[in-house]
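Residue numbers (my numbering): 11 to 88.
The beta carbon of each residue, even a glycine, is placed where N, CA and C say it ideally should be.
As the structure is a computational prediction, the values presented were derived from the model and not from experiment.
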């Protein structure tokens, strides 16, 4: 079970990173260079709470699986 939780957390987290990178690449495909740069800066601005919240929601299953795995390991003593 620990191995399955580890694999799920890695795959899910990698998927979230891949989706963010695809969004960045898509901005460069859809817009001229500097407009894409400005949009990406706007998306990943520390003041864009909506984007950070959505990314946190997207990555939360991976974090939950990781925490569940660590709790299982602590109970079993390994």
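Cut-off 6 Å between Cβ atoms - residues of its own chain near residue i, not counting five sequence neighbours on either side
i	result
residue 68	26
residue 74	none
C-alpha distance - residue i paired with residue j, whole-angstrom precision
i	j	result
residue 34	residue 42	13 Å
residue 77	residue 66	15 Å
residue 40	residue 15	37 Å
residue 30	residue 49	13 Å
residue 32	residue 38	10 Å
Simplified DSSP assignment, three categories, for residue i
i	result
residue 86	helix
residue 43	helix
Rounded distance between the beta-carbons of residue j and residue i, thought under 8 Å
i	j	result
residue 84	residue 19	With 8 Å as the limit, residue 84 and residue 19 do not qualify as a contact, their Cβ atoms being about 16 Å apart.
Sequence-distant residues of the same chain with beta carbon closer than 8 Å to residue i, five excluded per side
i	result
residue 52	58
residue 23	69 and 72
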